[in-house]
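Colleague:
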Amino acid sequence: MNQIQALHQKAMDLAEAAAVARLRGTPEQAAQLTRQAFEKETQAAALIANSLDAEPTRSVLHRSAASLAIECGELQVAERLIATALSGNSPLEIAEELKDLFIQINLNQYLKRQGIDIDLNQLQGLVNHPSY
Numbered sequence: 007m008n009q010i011q012a013l014h015q016k017a018m019d020l021a022e023a024a025a026v027a028r029l030r031g032t033p034e035q036a037a038q039l040t041r042q043a044f045e046k047e048t049q050a051a052a053l054i055a056n057s058l059d060a061e062p063t064r065s066v067l068h069r070s071a072a073s074l075a076i077e078c079g080e081l082q083v084a085e086r087l088i089a090t091a092l093s094g095n096s097p098l099e100i101a102e103e104l105k106d107l108f109i110q111i112n113l114n115q116y117l118k119r120q121g122i123d124i125d126l127n128q129l130q131g132l133v134n135h136p137s138y
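Heads up, the sequence shown is in my numbering, so the first residue is 7 and it goes up one at a time.
Right, dumping it as structure tokens:
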């Protein structure tokens, strides 16, 4: 478990450094740091993937790795991480978050296949817009 914790901590440090790089206006550095965070978190998740009794740590690591995979454009990897997490005994709240990530990955592609072209960021803005 120590190796898992060390990898996870390194991933979170890298993700935080990526956020700082974004704020500083250095998107290339942010992308590089996010990629490194993704790789570390994916390694941590892989080490615990078969430990179904290690919840909620198992699901949290997979959710985090999937989120980083999405940021890196690694959508198939994100789907696999989500599927692995959901194949265990994820706590309900984390399972819902994992399902939300899956929808986030696939909704735009699904809508395009249906001939619907929509900017999901605009849609999110409409959904979050306060009612008058």
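Backbone N, C-alpha and C fix where the C-beta goes; we use that ideal spot for every residue, glycine too.
Within 8 Å, do at least three Cβ pairs link the region 63-82 to the region 33-50?
Modeller: Output reads yes: the region 63-82 touches the region 33-50.
Colleague: Take the Cβ of residue 4 as the centre, count every other Cβ of all protein chains shown within 10 Å, and call the residue buried at 16 or more, exposed below.
Modeller: Here the chain has residues from 7 to 138 only, and residue 4 is not among them.
Colleague: Is it true that the CB of residue 94 sits closer than 8 Å to the CB of residue 119?
Modeller: In this structure, the beta-carbon distance from residue 119 to residue 94 does not fall below 8 Å.
Colleague: Between 16, 11, 27 and 30, which has its C-alpha nearest residue 43's C-alpha?
Modeller: 16
Colleague: Taking the alpha helix (DSSP H) that residue 43 falls in, what are its first and last residues?
Modeller: 33-54
Colleague: Quick check: residue 83 and residue 75, are their CB atoms within less than 8 Å of each other?
Modeller: Yes, these two residues count as a Cβ contact at 8 Å.
Colleague: On the premise that residue 77 lies in contact with residue 32, defined as a C-beta separation below 8 Å, what is that separation, rounded to the nearest angstrom?
Modeller: About 16 Å separates the two Cβ atoms, so there is no contact after all.
Colleague: I'd like the span of the alpha helix (DSSP H) that includes residue 109, first residue to last.
Modeller: 98-119
Colleague: Whole angstroms are fine: how far does the CA of residue 53 sit from the CA of residue 111?
Modeller: 24 Å
Colleague: Roughly how many angstroms lie between the CA atoms of residue 8 and residue 117, to the nearest whole one?
Modeller: 43 Å
Colleague: When the distance is taken between beta carbons, is residue 108 closer than 8 Å to residue 1?
Modeller: Absent from the model: residue 1. The displayed extent of the chain is 7 to 138, so no value can be given.
Colleague: Can you tell me where the alpha helix (DSSP H) with residue 8 in it begins and where it stops?
Modeller: 8-29
Colleague: Less than 7 Å between C-beta atoms, sequence neighbours within five positions excluded: which residues of the same chain meet that for residue 138?
Modeller: Annotation note: pLDDT 47 at residue 138 (below 50); position unreliable, coordinate value reported separately. Correct list: empty, nothing qualifies.
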